[in-house]
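Participant: Each residue of the sequence shown is one higher than the one before, starting from 1 at the first, in UniProt numbering.
Below are the structure tokens for one structure; questions will follow.
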Amino acid sequence: MYIVSTSRTGEFAKNMMTSSSMKEVEVERKVFPDGERYFRLLEDLGDREVAVVGNTNIDSDILELSFLLDAAREEHPSKLIAVIPYFGYARQHMIYKKGEAISAKVLISSISEYADEIITIDIHDTSSFRYSKSKCRDFHASASIADYFKEKNIDLVMAPDDGAFFRAKEVADILGCKSGFMNKKRIDATTVEYNMDHLDASGMRVLLVDDIISTGGTILRSMEIIKNSGASAVFVSATHGLFINDSARKIAAECAELVVTDTIKSSYSKINVSRKLSDFITGD
């Protein structure tokens with residue numbers, strides 16, 4: 001398999017190359033005086049299996065991913081896979097207010113025009129896949145997260161809401177411990193009450209997991225409740241660390257450890273999912 005990567009996912013793509021059958025494709029990149037960007041693949045990809053790797057949380061990366069997919073498709077590969085470690089815009093998968101664009105639909109339908117298959121990692125909502133003309137698969141980082149915490153003596157894995165409970169349960173099942181989720185109860189238009197649904201964390205080492213940490217508000221509120229329930233230590237992990245408005249520093253200051261995967265590179269990206277993802281893609 002030949003691997004093409006966008007500028008910001010080069011390290012992730014290199015880590016995916018776990019076997020000698022995978023080869024990195026060099027890309028010629030330049031910017032014209034008027035600001036237009038140019039991409040050229042420096043490899044013959046005809047009748048080859050090709051994976052193009054790129055995130056979609058930054059608009060310039062979406063453009064680069066699209067150009068690289070088009071360049072690869074023009075080579076007539078035997079199979080073209082779009083690998084999107086962090087699928088940005090996935091939270092805009094439906095209309096909330098009249099007149100809105102369904103951003104996830106625009107993105108995934110466009111990508112599916114080029115790719116035979118689309119692979120994401122813990123996409124926020126798999127309902128976005130219904131807009132794709134191509135086969136879609138979502139890889140779960142749960143096993144990689146569990147591997148990292150195997151020696152941390154975790155007693156309880158918590159999700160910040162019921163929607164993320166399946167992820168907490170996957171991690172807990174691997175670690176062989178309990179799992180649960182935070183209950184949210186809306187009191188009025190501006191007030192939401194959180195509780196642990198009668199779970200007792202007294203003396204426990206608790207791991208709080210989610211798919212995305214953005215501004216960190218939900219994580220911080222959940223941590224406070226878990227601590228107040230008597231937990232001896234609270235660890236925090238997520239697949240995608242966006243860390244808006246210095247949220248990483250705020251969370252790290254309040255927990256025993258904060259770690260995320262390498263889908264978006266940061267100083268907290270200590271969990272490697274790229275190797276397991278490679279096996280997922282190739283079926284090994």
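Where is the CB? At the ideal position from N, CA and C, for every residue including glycine.
Quick caveat, the model's predicted, so the values are computed rather than measured.
Please tell me whether Val106 and Ile145 are closer than 8 Å, where the distance is taken between their beta carbons.
Facilitator: Contact flag unset, no.
Participant: For Tyr131, does the three-state DSSP call read helix, strand or coil?
Facilitator: In the structure shown, Tyr131 sits in a helix (DSSP, three-state: H, G or I).
Participant: Provide the residue span of the beta strand (DSSP E) that contains Tyr38, from first to last.
Facilitator: Run containing Tyr38: 37 to 41, per the beta strand (DSSP E) assignment.
Participant: Which of the three DSSP states is assigned to Leu199 in this structure?
Facilitator: Here Leu199 sits in coil by DSSP.
Participant: Got a sec? Which residues, its chain only, sit under 6 Å from Ala252 by beta carbon, not counting five neighbours each side?
Facilitator: Cβ neighbours of Ala252 beyond the five flanking positions: Leu258.
Participant: For chain D, check one thing: does any of its Cβ atoms lie closer than 8 Å to the Cβ of Lys270?
Facilitator: No chain D appears in this structure, which consists of one protein chain only.
Participant: Return the residue from the list Val209, Lys14, Ser60 that minimises the CA-CA distance to Ala141.
Facilitator: Among Val209, Lys14, Ser60, the Cα nearest to that of Ala141 is on Val209.
Participant: Does the distance from the C-beta atom of Ile81 to that of Asp116 stay below 8 Å?
Facilitator: Against a cut-off of 8 Å, the Cβ pair of Asp116 and Ile81 comes out as a contact.
Participant: If contacts are defined as beta-carbon pairs under 8 Å, then Thr273 and Ser266 qualify, I think. What distance do you get, rounded to the angstrom?
Facilitator: The residue you asked about is not Thr; residue 273 is Val in the sequence shown. About 14 Å; that fails the 8 Å criterion.
Participant: What residue does the alpha helix (DSSP H) around Met17 start on, and which one ends it?
Facilitator: First-last for Met17: undefined, no H or E at that position.
Participant: Sort Val234, Lys227, Ile226, Tyr268 by Cα distance to Phe243 and report the nearest one.
Facilitator: Among Val234, Lys227, Ile226, Tyr268, the Cα nearest to that of Phe243 belongs to Tyr268.
Participant: Is there contact between the stretch 150 to 166 and the stretch 208 to 222, where contact requires at least three CB pairs shorter than 8 Å?
Facilitator: Yes, they touch.
Participant: What does the alpha-carbon distance come out to for the pair Ile102 and Leu199?
Facilitator: Taking the straight line from one Cα to the other gives about 38 Å.
Participant: Since I believe Gly54 is in contact with Ser5 (beta carbons under 8 Å), could you give me their beta-carbon distance rounded to a whole number of angstroms?
Facilitator: So it is a contact: roughly 7 Å between Cβ atoms.
Participant: Quick test of your reading: Ile84 and Thr126, contact by CB under 8 Å. State the CB separation rounded to the nearest angstrom.
Facilitator: That pair is no contact at about 13 Å.
Participant: Just how far apart, CA to CA, sit Asp59 and Cys255?
Facilitator: Roughly 32 Å separates the two Cα atoms.
Participant: Can you tell me the Cβ-Cβ gap for Arg40 and Glu28, rounded? I've got them flagged as a contact below 8 Å.
Facilitator: At roughly 4 Å, the Cβ-Cβ gap stays under 8 Å, so Arg40 and Glu28 are in contact.
Participant: Report the partner residues of Glu257 according to the DSSP bridge assignment.
Facilitator: Partner(s): Phe235.
Participant: Buried or exposed for residue 344, please, with buried defined as at least 16 other CB atoms from any protein chain shown within 10 angstroms of its CB.
Facilitator: Past the edges of the chain, shown from 1 to 284, lies residue 344, and the structure says nothing about it.
Participant: In angstroms, rounded to a whole number, what distance separates the CA positions of Lys14 and Lys79?
Facilitator: So the alpha carbons of these two residues sit roughly 20 Å apart.
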